[in-house]
Each structure stands twice: as structure tokens, then as C-alpha cells.
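K.L.:
Residue numbers (the working numbering), protein chains in the order written: chain U, -17 to 197; chain H, -17 to 197. Every residue, glycine too, gets a C-beta built ideally from N, C-alpha and C. The structure is given below, and queries will be raised subsequently.
Protein chains: 2
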Amino acid sequence: MTGGYQSLDATREKLVESAGQVFAEQGFHDATVREICSRAGTNVAAVNYHFGDKLGLYTEVLRSSIFAQQLPSLSSKLAHSSDPRAALTALVYEWFESIHAVGRPAWYARIMAHEMTQPTLALDLVAEAMGPNYLRFRTLVGELTGRGPNDERTRMCVHSVVGQILHYVQARPMLARLWPELKLDDPDQRRAIADHIITFSLAGTANAGRGNTFK
Amino acid sequence: MTGGYQSLDATREKLVESAGQVFAEQGFHDATVREICSRAGTNVAAVNYHFGDKLGLYTEVLRSSIFAQQLPSLSSKLAHSSDPRAALTALVYEWFESIHAVGRPAWYARIMAHEMTQPTLALDLVAEAMGPNYLRFRTLVGELTGRGPNDERTRMCVHSVVGQILHYVQARPMLARLWPELKLDDPDQRRAIADHIITFSLAGTANAGRGNTFK
DNA sequence: GGCAGTTTCAAACAAACATTTCACCGGTAT
DNA sequence: ATACCGGTGAAATGTTTGTTTGAAACTGCC
């Protein structure tokens, strides 16, 4: 309660800051406590002191990211809109941009992308945070297919969109090899890709609305 | 050259066999030499003796997988076909199925999926093996868009298809949480999803053929 | 100044891992 | 028979992790 070295938990914040970077870059497993502390300019013991252990630091990063990023940004785009096509366009564009942006707001999206493929013990927390957005996403696409949010084909369309977006994050190293001209750092190219995903998906989704359900 | 305990490199083959399983399941980094040798019933020193180190074993698995799986299966589907739509259908279905299948032929596809997100020092070898298939894929989709294999929008369509397919492998843990009814073990559901990806993508690709290139 | 609680630090610790070592075995050639 | 050599096995080695320790440093207060 009484003072310490820093004015007011400066060490804590520096750790969360650099931990957000490293976790977003490398995922929970590959990130090392030493790297995080090195960037934060703190001693390795600080992690244990302030957060208990590595997982505690990770969940703290998640918690702060959720409150800082998720609610204001993505969710607002997913709110009920008069035009579902415009809403999907805004959503895809913003999500894609937030993943590839630099700086603090990008943590959440990139950590989520990692959590998709390599879930941690914090999976419960993550899935809990994702659930509402997933439902809103399905509701939105459900309006486009005319089949509602719980329909099988609506879900597949949602995952088609999500798969395309995440592909450019998860397969980035291989993309750099196979398609060297692609520069995801360039805002114009990012916009071109996001536009493509939107166009491609709107056509595919409209198509999925027609016809009967198989199986 | 002269004999040893086993008749003829039986240890080598057992190691490649179990290494293929473990690498496909867990990726290069998470796979342990001990686990591989345990399944193969060999001593850990055998890896070092026969392949130099873990990476040497990995590249050997890749090499054998490339020759055993890649050429006969995927490439034949990508060969010039009279109907590009039918060719794309066959390709997507076979790729999706091979990724989720069990047994030896599934190694290649799953290791490639891992290599996409977590490249290893063998990235050169992998990218080299992927290049030809990537070109054939682009050629195929290029016929659908009418823009040729090197067009920017053709490439984006290819990655839209690839992204959808890989999504169901890479995001499998999260999918199990968000969509519990999805059972990728069920052949019928796999077919339904593959069918959706094909329909979705054909609509999106046809759409991308129209209009002008932006930028 | 002295005390108490809080924070930091260098170092040590423990576990998991790939890798190396070296004695040993079983064929093969001399 | 004996020397040789490729292959094997159990144990040791070195490295990279996360985590813990105990002393020292700092702040605020009496």
C-alpha cells in the first residue's frame, strides 16, 4: 500500500505493454518471460511478483485488451444495422485492418488469432469473450442468407469469411514466400485485399441463400 | 552397408513413420524426439545417428511425404482439365478430405498446414515443394476469372479458397467451442463443408472476374 | 534516524528438452 | 579366431525454459 520504487505500478504497465507485443507476435507458448522482461526493462522476477506466473500475465493482457479494444470497436460494427451488406463491409474492413495495424490496439485481434490455433489454459476466458461477437456475426450473415443465425449454412458462411481474414495473418510467412509482391504493410494493398474479401464473400453468401439445405 | 541389428534400415523407416505422425499432430516445435522414439520403439540416439538431429529427421519426413503424396494426388487434380469448375471442385474436395483423413497420406497436408503458421528452418524446402502446386492452382483459378495466373485478383481468389480450407484445420479447437455440433470426424459433415466451400468460392470467383482492377 | 511494508535485483533452482558420449553387440572380412 | 565396423543402448551433458530465493533498495511514516 505504501510506496515502492515506481510512482504507481509503472512496472506492471510496462510488463503488460511489452507482454502484449510479444504474445501477439509469437503466441503464448513461444513467447518467453525473459524476452518480455527484456523489452520492459524489468527483472524476470517481476512477472512472478506482479502476476503470479506467465499465465497470470497473459490473462491480464487479455483482460485489458478485451476492455480496451473489443467492446468499442468490433461490437459496434456488429450492432443491428439497417443494411446488413454495409455492416458486413464495415466489419470485415475494420477487423482486417485491426489485425494488421501496429501498436496496442492490434494485440487483441492477433492474440485471438493465435488462440484459435493454439489454445491455452485461458481458452475459457477467450471463448467467453468471443461468444457474443460470434453470435452477432451469425445474426448479421443470417440476414444476408435469410436463414437466421443458427442455420448450418449461415455458420459455414461466417467461417468462410473468418477463414479468409485469418488466413492473411496465420499464413503470413508462407505468403511472403509465394507472393513476394504482397506487402501487408501497405495500407492500399490491405484495403485492396479487404475489398476483395468483402466482394468475394457477398457473392458467396448471396449464393448460399438460394437452394435447399443438403444432408 | 554391412548388416547391423535390423535387416535393412528398419530403424530409419520406423523413425520416419512415427515422426510423420507426431510432426503432423503437434508441429515441429511441439513434437519431442522422445515421443517420436518412444512410438518407434528406438533409442533417442538413433535420431542423431541416422539424421544428424531433429531438423534432419523433419526434412526427411518432408522429403518422403512430398514424393509419396504430393505428386500423385493433388497435382493430378490440378493438371489441365477441360472444365475448370470441375477441376476446382475435385481439388477442394480432395485437399479438404486429405487434411482430415487419418493415416500416412494425411501427413503431408497437415505438416504443410503447420508450416504455414509456424515456419521452420525447412521453410525453403517446403516453399519449393509448394511453388508448383501454387502455380497450377493459380492457373486453374485464372481460367475461372479470365485474368490469368499472375493477376492480382486471381491470386486473392486462390487465397480465399485456401484460407477457407485451412481454417477448419487451424481453428479446430476454437470451432469445437463455438460450434459444438460440428463434427469433422463425420464424413457426411466433411462433405457438406467441402461442398459449401466449393459453392461459395465458385460464386465469389465468378464475381471477381467481372469489373475492373482497382488500384 | 529508524522502522515496516513494498518493490527490485542477481543468482540459483528445477524441469524439459535436444544432443553427445562411450561401452557394447552382432555381423563381416581377414 | 580375431580384428573391424555399423548400429544400439543407457546414461551423461548442455541449453533453454519458467519459477523461486534471499538480500538489498526504496518510500512513507513515526
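Assuming U/Leu164 and H/Ala109 are in contact, meaning their beta carbons sit under 8 Å apart, how far apart are those beta carbons, in whole angstroms?
P.N.:
About 14 Å separates the two Cβ atoms, so there is no contact after all.
K.L.:
For the 8 Å Cβ check, are there 3 or more pairs between the region 79 to 90 of chain U and the region 21 to 37 of chain U?
P.N.:
no
K.L.:
Could you tell me which uninterrupted alpha helix (DSSP H) segments, each at least 4 residues in length, are contained entirely in the region 87 to 132 of chain U, listed from first to last along the chain?
P.N.:
88 to 99 and 105 to 127
K.L.:
Strictly below 7 Å CB to CB, what residues from chain U border H/Phe5?
P.N.:
The CB of H/Phe5 never comes closer than 7 Å to any CB in chain U; the least such distance is about 16 Å.
K.L.:
Would DSSP call U/Leu166 helix, strand or coil?
P.N.:
Three-state DSSP puts U/Leu166 in coil, outside helix and strand.
K.L.:
To the nearest angstrom, how far is the alpha carbon of U/Thr24 from that of U/Ile18?
P.N.:
9 Å
K.L.:
Take H/Ala111 as the anchor and find which of H/Met94, H/Phe33, H/Glu125 and H/Thr99 has the nearest alpha-carbon.
P.N.:
Of H/Met94, H/Phe33, H/Glu125 and H/Thr99, the smallest CA-CA separation from H/Ala111 is found for H/Met94.
K.L.:
Please state whether DSSP places U/Thr136 in a helix, a strand or coil.
P.N.:
helix
K.L.:
Just tell me which of H/Ile175, H/Lys36 and H/Trp77 has its CA closest to the CA of H/Arg92.
P.N.:
H/Trp77
K.L.:
Which residues in the same chain as U/Ile147 place their Cβ atom closer than 8 Å to its Cβ, once the five residues preceding and following it in sequence are excluded?
P.N.:
Val74, Trp77, Phe78, Ile81 and Ile179
K.L.:
Just checking: is the beta-carbon of U/Leu53 within a distance shorter than 9 Å of some beta-carbon in chain H?
P.N.:
Note on U/Leu53: pLDDT 45, under 50, position unreliable in the model; the coordinate value appears next. Not an interface residue.
K.L.:
Touch check for the region 171 to 187 of chain U and the region 1 to 18 of chain H: three-plus C-beta pairs under 8 Å?
P.N.:
no
K.L.:
Indicate whether the contact test is met: 3 or more Cβ pairs, each with one atom in the region 131 to 140 of chain U and one in the region 120 to 129 of chain H, closer than 8 Å.
P.N.:
no
K.L.:
Taking any Cβ of chain U, which residues in the region 140 to 153 of chain H have a Cβ under 7 Å from it, in chain order?
P.N.:
His141, Ser142, Val144, Gly145, Gln146, Leu148, His149, Gln152 and Ala153
K.L.:
Thinking U/Arg2 and U/Arg86 are a contact (beta carbons under 8 Å), I'd like their distance in whole angstroms, please.
P.N.:
Looking at the sequence provided, one finds Gly at residue 2 of chain U rather than Arg. Between U/Arg86 and U/Gly2 the Cβ distance is about 7 Å, and since that is below 8 Å, they are a contact.
K.L.:
Which residues in chain U sit within 7 Å of H/Thr99, going by Cβ to Cβ distance?
P.N.:
Thr99, Gln152 and Ala153
K.L.:
How would you call U/Ser20, buried or exposed, if buried means at least 16 neighbouring beta carbons within 10 angstroms?
P.N.:
A residue is called buried when at least 16 other Cβ atoms come within 10 angstroms of its Cβ; U/Ser20 does not meet this threshold and is exposed.
K.L.:
Using three-state DSSP, classify H/Gly2 as helix, strand or coil.
P.N.:
helix
K.L.:
Can you look up H/Trp77 in the DSSP assignment and give me helix, strand or coil?
P.N.:
helix
K.L.:
Could you check what DSSP says for H/Ala158 in three-state terms: helix, strand or coil?
P.N.:
Note: H/Ala158 maps to helix in three-state DSSP.
K.L.:
Using 9 Å as the threshold, is the C-beta distance between H/Ala153 and U/Thr(-7) below it?
P.N.:
no
K.L.:
Taking C-alpha atoms, which residue in U/Gly128, U/Val140 and U/Thr102 lies nearest to U/Leu117?
P.N.:
The option with the nearest alpha carbon to U/Leu117 is U/Val140.
K.L.:
In terms of alpha-carbon separation, which member of U/Ala88, U/Ala22, U/Ala72 and U/Arg67 lies closest to U/Glu(-1)?
P.N.:
U/Ala22
K.L.:
Going by beta carbon distance, what residues of the same chain come within less than 6 Å of H/Lys(-4), once the five residues before and after it are set aside?
P.N.:
Ala22
K.L.:
Within 10 Å of its beta-carbon, does U/Leu70 have 16 or more other beta-carbons around it, so buried, or fewer, so exposed?
P.N.:
buried
K.L.:
Any heavy atom of the ligand ADP closer than 8 Å to the beta-carbon of U/Arg(-6)?
P.N.:
With respect to small molecules bound, the structure shown includes none, and the ligand ADP cannot be examined in it.
K.L.:
Taking all protein chains shown into account, decide if H/Pro169 is buried (16 or more other Cβ within 10 angstroms of its Cβ) or exposed.
P.N.:
So H/Pro169 counts as exposed.
K.L.:
Quick check on H/Tyr75 - is its C-beta less than 9 Å from some C-beta in chain U?
P.N.:
no
K.L.:
Determine, using beta carbons only, whether H/Thr14 comes closer than 9 Å to chain U.
P.N.:
no
K.L.:
For the alpha helix (DSSP H) containing H/Thr24, name the first residue and the last one.
P.N.:
Here H/Thr24 belongs to no alpha helix (DSSP H), and DSSP marks it neither H nor E.
K.L.:
How many Å lie between U/Met156 and H/Pro101 at the Cα?
P.N.:
8 Å
K.L.:
Identify each residue in the region 174 to 190 of chain H for which the Cβ-Cβ distance to at least one residue of chain U is less than 9 Å, and report them in chain order.
P.N.:
Ala174, Ile175, Asp177, His178, Ile179, Thr181, Phe182, Ser183, Leu184, Ala185, Gly186, Thr187, Ala188, Asn189 and Ala190
K.L.:
Flag this pair as yes or no: are the beta carbons of H/Leu107 and H/Leu44 separated by less than 9 Å?
P.N.:
yes
K.L.:
Which residue wins for smallest C-alpha separation from U/Gln171, given the options U/Gly191, U/Arg129, U/Gly130 and U/Tyr150?
P.N.:
Just measuring C-alpha positions, the residue of U/Gly191, U/Arg129, U/Gly130 and U/Tyr150 sitting nearest U/Gln171 is U/Tyr150.
K.L.:
In whole angstroms, what separates the C-alpha of U/Arg67 from that of H/Asn189?
P.N.:
16 Å
K.L.:
Note the first and the last residue of the continuous alpha helix (DSSP H) segment covering U/Arg45.
P.N.:
Lys36 to Ser47
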